[in-house]
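>
Here it is in structure tokens:
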């Protein structure tokens with residue numbers, strides 16, 4: 001499913017199911033639906049089989065399960081419709097970014113997830129909460145000292161928050177899944193998570209925000225994408241990837257504050273924006289890409305792109 | 311004027327005049343001014359004559375008449391200046407979107423109308439209301455059951471709201487204008503309006519929001535653009551266009567909520583965003599475009615583009 | 621440093637130092653750091669030497685000094701990190717805009733300055749103020765009559781506000797620096813400043829907002845960029861540039877209102893957006909560019925681009 005590696009996919013499903021079996025069902029259903037719609041519309045078979053058409057719809061279905069009410073039939077129906085629309089949006093994003101030879105990452109998912117969560121309060125049948133969540137962003141408050149016990153949990157929650165989950169052992173399971181697919185990827189993910197925690201602590205983020213992983217999951221994704229997936233893993237690209245991970249951590253509250261007055265969430269926007277910027281820039285730095293420029297979106301994506309989405 | 315069909319243009323003017331003669335005057339003046347500025351700057355004659363340079367300025371002038379005070383001389387002056395600037399913005403948008411071979415639609419109008427309505431409260435001489443309209447978006451409230459009488463009015467208001475008008479008979483006149491130009495276009499507009507109402511009702515929008523047409527006018531525009539104008543009318547494209555119409559309906563509150571804290575309006579942003587995404591994606595779906603890819607922006611636009619703007 | 625003219629650079633440094641020596645130090649340090657990072661990453665030597673890689677980092681460091689606390693060590697560290705990241709963002713923006721042959725202007729600076737100022741309240745160690753500055757935008761209030769004494773000061777503050785400074789004599793020093801580099805540039809800057817004041821007054825902006833220069837600095841930058849730097853200075857382009865300057869003035873509160881609920885500032889966004897739109901459009905107006913299209917970003921920028929950033 002993810003990573004073009006069936007074992008890793010099984011581990012991820014298990015990890016999701018460990019938190020809530022309905023989340024696992026939504027994610028699996030989303031992946032299947034997204035792939036089927038793409039096949040129905042005669043999208044190139046290679047893209048569908050490597051899971052490229054499935055991971056955005058998988059994330060979208062999971063997002064609906066978490067932010068709306070996973071138990072309502074209306075959420076199931078909405079997720080079904082969303083999986084059809086995300087196929088269209090993916091096709092559009094792939095074509096728009098092809099001009100710069102950039103991969104689509106989780107941009108289709110971010111676009112639709114933001115649109116639906118921001119629009120949802122206007123629709124009584126799908127909105128489970130009483131009022132709107134829109135609010136002006138406030139300044140940080142609370143202690144900044146992180147107890148050692150929380151440090152470890154923050155480290156794993158940076159992985160589990162990719163799937164909106166608070167449980168640190170889900171992060172551990174995800175890391176195990178990554179390890180099954182590639183040892184380098186697992187090491188890079190650890191470096192990314194550590195960079196995220198370090199950056200957030202150095203900037204003075206409240207300890208509670210660091211511990212719950214909401215400031216660091218984009219750092220993990222950026223590190224994975226920039227060191228191993230779209231640029232070859234090497235000491236120079238690792239440094240570059242960790243600069244990217246630190247940037248994504250600092251950018252995360254910016255995106256959250258931008259969308260807060262409308263009731264939106266950061267999702268993986270910081271990952272998408274930072275990675276696209278750093279990938280585009282990489283081609284201007286001869287020291288980074290000793291070989292020919294790396295990310296060519298279409299041909300390389302099947303092998304690795306799903307990793308950052310996982 | 312619109313639709314490259316003089317009779318349809320006359321019907322539209324009549325429809326606007328029926329609501330308020332000043333609105334008709336603004337719209338007509340805007341179209342004339344936009345075309346003149348373009349001619350003054352030596353824009354290609356073909357674009358000007360088919361009305362391509364006029365419809366964005368026509369909509370912009372009308373928007374100023376509705377959202378500011380139509381009776382003030384300052385509004386007339388601002389609309390005049392706006393018509394000059396919209397010509398520049400149109401030229402820029404056409405060049406930017408040419409990379410993807412996409413039509414400019416009403417994007418220039420949306421950009422300027424949003425900029426002016428959001429900036430207006432800062433300028434005492436043009437702002438007719440007391441305070442700013444900026445507010446955090448709230449959750450929907452009110453009954454969701456739509457009385458049958460309102461259903462019919464909603465159906466026509468989905469057309470009249472394209473021109474910011476509440477009167478359902480304006481929508482009827484507009485539909486008559488469309489029918490004069492093309493029977494297919496009129497049928498597609500009806501299907502789009504029905505899809506908009508159905509989607510909004512299924513998602514649980516308050517009946518009042520459905521009845522006043524503010525949730526459905528983008529659906530009509532998307533259906534027109536995707537079935538007949540930029541893609542050939544056929545059963546497959548009709549289905550695709552109605553999926554687009556449903557998407558635009560769901561996206562409308564998202565845009566409204568995004569701009570509400572700044573005091574902005576949705577205008578035809580949902581139409582522009584949805585249509586551009588669906589048009590770009592259409593080229594990746596062989597089942598949709600049996601023939602060579604459809605929307606090539608420059609060469610096809612003269613014949614049909616004005617329709618979605620109408 | 622700026623303008624590829626050492627004397628002008630010295631005058632600018634003097635102007636900044638006149639307001640606060642620390643601001644001068646930040647700006648100088650930012651320029652040096654930005655250039656060094658670019659050299660370290662083996663960016664083309666020509667770009668670095670003409671100062672192209674330095675002016676965005678110079679503005680960014682200055683912005684941190686003004687909006688955060690110039691005296692804190694954390695601000696110095698953040699500015700250092702920001703200068704490394706802005707090099708990456710500049711490389712990305714240059715590549716993204718190359719598709720349309722557009723210059724990067726101060727877009728990299730705007731992106732990072734907005735991200736950091738919006739994110740800052742989430743980080744206790746870098747945020748010097750108590751609470752968040754996010755607020756819903758309000759309507760204008762206050763007298764609109766501008767006393768003659770304030771008129772002169774507004775004229776010069778439109779220049780000094782480019783560097784966030786209120787002191788009118790800083791603007792005078794900047795104008796002197798421009799005059800040293802090019803007499804035409806100084807005249808165009810004056811015309812831009814006058815257009816900014818006139819537009820703001822005509823639209824009914826409160827006198828206090830005109831006098832402090834916050835409504836007019838984008839007009840100066842747009843006038844400089846469109847008449848002399850990216851389009852050849854001529855009567856036709858001067859008119860076009862002043863239309864651009866008026867547009868940027870009207871757009872400034874729109875950007876400010878859009879970012880206000882998130883706690884952001886307008887920075888030079890209005891300049892960037894207006895100039896990019898007017899430059900792209902210029903190629904469609906044969907009357908403006910008698911010769912071949914002007915702004916080709918890479919080859920012409922070394923000679924003039926720093927001017928608008930100054």
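Protein chains in written order, with this note's numbering: chain A, 1 to 310; chain B, 311 to 620; chain C, 621 to 930. The beta-carbon is built from N, C-alpha and C at its ideal position, and this holds for glycine as well. Note that this is a predicted model, so its numbers are computed, not measured.
(1) Run through chain A and tell me which residues come within less than 8 Å of residue 454 of chain B, C-beta to C-beta.
(2) Around the C-beta of residue 414 of chain B, are 16 or more other C-beta atoms found within 10 angstroms, so that it is buried, or is it exposed?
(3) Verify the CB distance criterion: does residue 442 of chain B have a CB-CB separation below 8 Å to chain A?
(4) Taking residue 100 of chain A as the query, report the chain C residues whose CB atoms sit under 8 Å from its CB, ordered along the chain.
(5) Any beta-carbon of chain A closer than 8 Å to the one on residue 755 of chain C?
(6) If the criterion is Cβ atoms closer than 8 Å, does the pair residue 441 of chain B and residue 757 of chain C meet it?
(7) Counting only Cβ pairs nearer than 7 Å, list the residues of chain A close to residue 571 of chain B.
(8) Closest to residue 832 of chain C by C-alpha separation, out of C:813, C:846 and C:742, would be which residue?
(9) If you draw a straight line from the C-alpha of residue 722 of chain C to the C-alpha of residue 70 of chain A, how long is it?
(10) I'd like the list of long-range same chain contacts for residue 561 of chain B, defined as Cβ closer than 8 Å, with 5 residues on each side in sequence excluded.
(11) For residue 514 of chain B, would you say it is in contact with chain A, using Cβ-to-Cβ distances shorter than 8 Å as the test?
(12) At the level of alpha carbons, what is the spacing between residue 12 of chain A and residue 684 of chain C?
(13) Rounding to the nearest angstrom, what Cα-Cα distance links residue 62 of chain A and residue 552 of chain B in this structure?
(14) Could you work out which residue in A:140, A:247 and A:245 is closest to residue 205 of chain A when comparing CA atoms only?
(15) At the 8 Å Cβ level, is residue 271 of chain A part of the contact set with chain C, yes or no?
(16) Would you list, in sequence order, the uninterrupted beta strand (DSSP E) runs of no fewer than 3 residues that lie entirely inside the segment 159-185 of chain A?
(17) In chain B, which residues lie less than 9 Å from residue 650 of chain C when you measure between Cβ atoms?
(18) Find the nearest neighbour of residue 435 of chain B within the set B:387, B:364 and B:596, judged by alpha-carbon distance.
(19) For residue 149 of chain A, name the three-state secondary structure that DSSP assigns.
(20) Pair every Cβ in the segment 897-905 of chain C with every Cβ in the segment 400-407 of chain B, then say whether three or more of these pairs are closer than 8 Å.
(21) Measuring only the C-alpha atoms, how far is residue 703 of chain C from residue 19 of chain A?
(22) Are the CB atoms of residue 898 of chain C and residue 848 of chain C within a distance shorter than 8 Å?
(23) Quick one: Cα of residue 699 of chain C to Cα of residue 559 of chain B, how far?
(24) For a test of the three-state rule: what should DSSP assign to residue 65 of chain A, helix, strand or coil?
(25) Please report the straight-line C-alpha distance between residue 567 of chain B and residue 878 of chain C, rounded to a whole angstrom.
(26) So is residue 615 of chain B buried or exposed if we call it buried at 16+ other beta carbons inside 10 Å?
(27) Expressed to the nearest angstrom, what Euclidean distance is found between the alpha-carbon atoms of residue 754 of chain C and residue 881 of chain C?
(28) Using 10 angstroms around the beta-carbon of residue 928 of chain C, count the other beta-carbons present and answer buried if the total reaches 16, otherwise exposed.
(29) At 3 residues or longer, what runs of the beta strand (DSSP E) sit wholly inside the segment 671-741 of chain C?
(30) Using three-state DSSP, classify residue 519 of chain B as helix, strand or coil.
(31) Please go through the segment 559-597 of chain B and give each complete alpha helix (DSSP H) segment of 4 or more residues, from N-terminal end onward.
(32) If the criterion is Cβ atoms closer than 8 Å, does the pair residue 533 of chain B and residue 501 of chain B meet it?
(33) Anyone know if the C-beta pair for residue 246 of chain A and residue 144 of chain A falls short of 8 Å?
(34) Any idea what DSSP makes of residue 747 of chain C, helix, strand or coil?
(35) Around the C-beta of residue 485 of chain B, are 16 or more other C-beta atoms found within 10 angstroms, so that it is buried, or is it exposed?
(36) Alpha carbons only, please: which of B:439, B:433, B:422 and B:506 is nearest the one belonging to residue 370 of chain B?
So, from the listed chains and residues:
(1) Those are 124 and 125, listed as they occur along chain A.
(2) buried
(3) no
(4) 715, 716 and 719
(5) yes
(6) no
(7) Correct list: 261 and 262.
(8) C:813
(9) 47 Å
(10) Cβ-Cβ distances below 8 Å link residue 561 of chain B to 528, 580, 583 and 584 in the same chain, with the five nearest sequence neighbours on each side left out; the list follows chain order.
(11) With 8 Å as the cut-off, residue 514 of chain B counts as an interface residue toward chain A.
(12) 42 Å
(13) 25 Å
(14) A:140
(15) Nearest CB-CB separation between residue 271 of chain A and chain C: not below the 8 Å threshold.
(16) none
(17) Within 9 Å Cβ-Cβ: nothing; residue 650 of chain C doesn't reach chain B, min ~31 Å.
(18) B:387
(19) Residue 149 of chain A falls in the helix class under three-state DSSP.
(20) The segment 897-905 of chain C is in contact with the segment 400-407 of chain B.
(21) 42 Å
(22) no
(23) Rounded to the nearest angstrom, the two C-alpha atoms are 44 Å apart.
(24) helix
(25) 12 Å
(26) Because residue 615 of chain B sits at a pLDDT of 36, beneath the cut-off of 50, its placement in the model cannot be relied upon, and the point is left open.
(27) 5 Å
(28) Because the pLDDT at residue 928 of chain C is just 37, under 50, the model does not fix this residue reliably, and the point stays unresolved.
(29) none
(30) helix
(31) 579-592
(32) At a Cβ-Cβ threshold of 8 Å, residue 533 of chain B and residue 501 of chain B count as neighbours.
(33) The Cβ atoms of residue 246 of chain A and residue 144 of chain A lie no closer than 8 Å to each other.
(34) coil
(35) buried
(36) B:422
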